[in-house]
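Participant: Pasting a structure below so you can have a look.
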Amino acid sequence: MNSKLTMGLLLTGLLIGGGQLLAPDATTPATAVVAHAATKAATVASGTVGTSDWNVTDDGVLHVGAGDLPEAVKTVYSPLYDPVQEAAAQGVTVTKVVFEGTVRTAEQGSYTFGHLNTVEAYENLENLDTSRSTSLAGLFAANESLQKIDISSLDVSQVTSLEMMFGTNYKLASLKVGNLATAKVTSLLATFSNLYQLRELDLSGLDVSGLETTYMMLTNDYRLQKLNLGNWQLPASSKISSVFALSKQYDLRELTLSADSQVAAGTFPDIAGGGYPSYDQTIYTGKWENQEDQYLPVGTAGKRVYTSAELNSLYDGTHQDELSGNATYIWEPLETPEAPVVAPVTVHYVDQAGKSIHPDDELTGELGADFTAKPIAIAGYTFEKADGATSGTFTTSAQSVTFVYRANESGNSSGGNAGGATDSSDASNSSSTGPTTDSSANGSSDTQASDAGDTVTNMSVSSVKKIGFYRSATFTAKNRVRWFAKQPQQKRPQFVVLKTAESKQGRLRYYVKDVTRGSKTYGQKGYITTKSAYVRPTYAQSRPKAITVINDKGLNSYKTASLKGKVRHYRKGQRLTVKKLVRHNLTTRYQLTNGQYVSANLNFSQAVK
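Just so we're aligned: the sequence shown equals residues -23 to -1, 1 to 586 in mature numbering (1 follows the signal peptide of the UniProt record, and there is no 0).
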């Protein structure tokens, strides 16, 4: 179906006027009474459309068998329109369409289900084969009773047009699009227009690499509050524009955009411009704020806030260096909300009888960030099992995991880590969790500071407080080689853990190699504490939502998790949005929302809200 015809339909009342096109016989569809069977559903009408057999049962279900459906009737009416009318003549209103076998749409699949205005749901959509269709314009248009649909299973790899796909579905409140292979789609003209009940729409899974127009894509979606256009990368010649064309009211208050988005001026209307009935100047400032800054008070220096015009301008295609990955913007309130209290994950260490054999550890992180708990080495015991989830995300509710150990036959059943410390750096709870590293990463030839943890073959830890470096596992002033002073995060001393050892009192130590650049003992081996208050993993163990580069020489990003194929250089102070934490051999990396990878060495970056 061509764009001129579609636009003609829009302007004749289907879209803007809220009217409907006449049925093929030029009469208005009759309103039928739903018949319900007392027991088993009985067939009230049947036949064949295309090569598919169909039948309607008295419970209002249209069953469509395997076969090929023909093109739409008179351009915009479903080939199933007549079966629906036959059922109506028998006093049964069709409210559901069920695909009982593989049902194929025509090459010109436009309006295949158009104007089935009594249908509330489609069932077994995974049986709908759209793989040969080059157009699915108006596929479900004028389904005025449709309330919920998931089209993520559709094969649209050959489709060039999705115009009016859901146009005038007045009651549609839930629409899942998913990750559709839409690389050939050039037009989203009015695709989601007149969806009066829709509150959220996630289009981040669409491939828009061939998209030419978004004109009227969301026209009259006046209740739409959340719109996700993350990951969008349009061709250089196209821009997101006129998505709300001809609309007079809006309620959009959460918007996600990709750093690669290209947005035309005026695309997202001014919040304070009169088009938002929900806008209250006693509650909101009339500006958009970056969601990551939502707990910063109004007027805070550095807080990222924008008028609609400024937000449109920020994404006009000339500010990519200022942006990173996907970012979500929300209305800025005058009264700053309180940040949610994120509960820690408590890690217990017990023997088989449930007796504690080591002080509890607590894992902390940002809301929604990933966590992973690992068993630690405890002298005299062998790890046996974990009770509870060892990985997940931080929430506002307390979580816990218990590691159960079995006492060694020759070991001390009361645990080997008890007793007071002889060194002030050994006076807190210990934890030997942490990533190990590999020798295949960026190395000293990189323009950023050398990632020392990447040049070794075992676990890497950094000191977060003053610690001693000793010749033996039993710490005394006599065998202490030196002190490592407490340093800022980007300059923390780093060590490669070669193995663990015990002092004469049974306290666990790390036997390490000093890999701190410029250190007086660089390359030397010795012993340090294992206490988590003093030494922690060099590499991140959970995913923050974002990081700020703190390394003086910046941080490089790469195409792969092995840190090969340099993509770009990020300066100190730049904020990067993190998609997930990735394990690479024995290290961790951050995968950014733009798909690039950076080192998760905590000396290079720090987590931010």
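All C-beta atoms in this analysis are idealised placements derived from N, C-alpha and C, irrespective of residue type, glycine included. This one's a predicted model, so the numbers in the text were calculated from it and none came from an experiment.
Out of curiosity, what's the CA-to-CA distance linking Ser534 and Val492?
Facilitator: 23 Å
Participant: Shortest alpha-carbon distance to Asn205 belongs to which of Leu232, Ser214 and Phe117?
Facilitator: Leu232
Participant: On the three-state DSSP scale, how would you describe Asp328?
Facilitator: It is a strand residue.
Participant: Compare the C-alpha of Gln329 against each of Val381, Ile527, Gly91 and Leu211 and name the closest.
Facilitator: Val381
Participant: Within a Cβ cutoff of 7 Å, which residues of the same chain sit near Pro60, ignoring the five residues on either side of it in sequence?
Facilitator: Ala22, Gly24, Val26, Trp31, Val33 and Leu39
Participant: Locate the alpha helix (DSSP H) running through residue 599, then write down its first and last residues.
Facilitator: Because the chain spans -23 through 586 in this model, residue 599 falls outside it and cannot be assessed.
Participant: Between which two residues does the alpha helix (DSSP H) carrying Ser112 extend?
Facilitator: Where Ser112 is concerned, there is no enclosing alpha helix (DSSP H), given that its DSSP letter is neither H nor E.
Participant: Helix or strand or just coil, what does DSSP make of Leu579?
Facilitator: If DSSP states are grouped into helix, strand and coil, Leu579 belongs with coil.
Participant: Classify Ala304: buried if its beta carbon has 16 or more other beta carbons within 10 angstroms, exposed otherwise.
Facilitator: Per the 10 Å Cβ criterion, buried.
Participant: Among the residues of its own chain, which have a CB less than 8 Å from the CB of Met142, if the five just before and after it don't count?
Facilitator: Leu113, Ala114, Gly115, Leu116, Phe117, Ala118, Thr168 and Phe169
Participant: For the alpha helix (DSSP H) that contains Ala22, what are its first and last residues?
Facilitator: No alpha helix (DSSP H) contains Ala22, which is instead part of the beta strand (DSSP E) from Thr20 to Val26.
Participant: Could you tell me which residues DSSP puts in a beta bridge with Phe461?
Facilitator: Ile444
Participant: Considering only residues of the same chain and omitting the five flanking positions on each side of Arg176, which have a CB-CB separation below 8 Å?
Facilitator: The answer, listed in chain order, is Ala150, Arg200, Leu201, Gln202 and Lys203.
Participant: State buried or exposed for His335, treating a residue as buried only when at least 16 other CB atoms are found within 10 Å of its CB.
Facilitator: buried
Participant: Identify, in the order they occur along the chain, each residue of the same chain with its Cβ nearer than 8 Å to the Cβ of Gln583, setting aside the five sequence neighbours on each side.
Facilitator: Take Gln583, set aside five residues on each side of it, and the residues of its chain with a beta-carbon closer than 8 Å to its own are Gln466, Ile524, Thr525 and Ile527, in chain order.
Participant: Tell me Pro310's beta-bridge partners as DSSP assigns them.
Facilitator: Tyr261
Participant: Please check the pair Thr190 and Leu166, which I expect to be a contact at CB under 8 Å, by giving their CB distance rounded to whole angstroms.
Facilitator: 6 Å
Participant: Label Glu287 either buried or exposed according to how many other C-beta atoms from any shown protein chain fall within 10 Å of its C-beta, with 16 as the threshold for buried.
Facilitator: exposed
Participant: Is DSSP giving Ile248 helix, strand or coil here?
Facilitator: helix
Participant: Can you tell me which of Thr70, Glu100 and Trp460 puts its alpha carbon nearest to the alpha carbon of Thr20?
Facilitator: Thr70
Participant: Once DSSP output is grouped into helix, strand and coil, what is the label at Leu188?
Facilitator: coil
Participant: Just tell me which of Ile248, Asn289 and Asp338 has its CA closest to the CA of Gln239.
Facilitator: Asn289
Participant: With distances taken Cα to Cα, identify the nearest neighbour of Gly550 among Ile444, Ser29 and Asp298.
Facilitator: Asp298
Participant: Just to confirm before moving on: does the CB-CB distance between Ala98 and Leu131 stay below 9 Å?
Facilitator: Taking 9 Å as the Cβ cut-off, Ala98 and Leu131 do not qualify as a contacting pair.
Participant: Among the residues of its own chain, which have a CB less than 8 Å from the CB of Leu157, if the five just before and after it don't count?
Facilitator: Ile128, Ser129, Leu131, Val133, Gly182, Leu183 and Asp184
Participant: Give me the Cα-Cα distance between Tyr574 and Val96, rounded to the nearest whole angstrom.
Facilitator: Rounded to the nearest angstrom, the two C-alpha atoms are 47 Å apart.
Participant: Compare the C-beta of Ile355 with all C-beta atoms of chain C and state if any pair is closer than 9 Å.
Facilitator: The structure shown contains no chain C; it is built from a single protein chain.
Participant: By a C-beta neighbour count over all protein chains shown, 10 Å radius and 16 as the cutoff for buried, is Asp35 buried or exposed?
Facilitator: It counts as buried.
Participant: Could you round the C-beta distance between Ser480 and Ala450 to whole angstroms and report it? I think they count as a contact, below 8 Å.
Facilitator: About 5 Å; that satisfies the 8 Å criterion.
Participant: Considering only residues of the same chain and omitting the five flanking positions on each side of residue 589, which have a CB-CB separation below 6 Å?
Facilitator: The structure shown does not extend to residue 589, since the chain is modelled only from -23 to 586, so the question has no answer here.
Participant: Would you kindly report the start and end of the unbroken beta strand (DSSP E) that includes Leu195?
Facilitator: No beta strand (DSSP E) holds Leu195; DSSP gives it neither H nor E.
Participant: Could you check if residue 625 is buried or exposed, using at least 16 other CB atoms within 10 Å of its CB as the buried criterion?
Facilitator: Residue 625 falls outside the range modelled here, since the chain spans only -23 to 586, and no answer is possible.
Participant: Measure the alpha-carbon distance for Ser110 versus Ala64 and round it to whole angstroms.
Facilitator: When only Cα atoms are considered, Ser110 and Ala64 end up about 28 Å apart.
Participant: With H, G and I counted as helix, E and B as strand and the rest as coil, what does DSSP make of Gln568?
Facilitator: strand
Participant: So, at 7 Å on beta carbons, what are the nonlocal neighbours of Val80 in its own chain, with the 5 sequence-adjacent residues on each side left out?
Facilitator: Ser29, Val41, Ala43, Gly44, Leu46, Asn104, Leu105 and Asp106
Participant: Start and end of the beta strand (DSSP E) containing Tyr58?
Facilitator: No beta strand (DSSP E) contains Tyr58, which is instead part of the alpha helix (DSSP H) from Tyr58 to Ala66.
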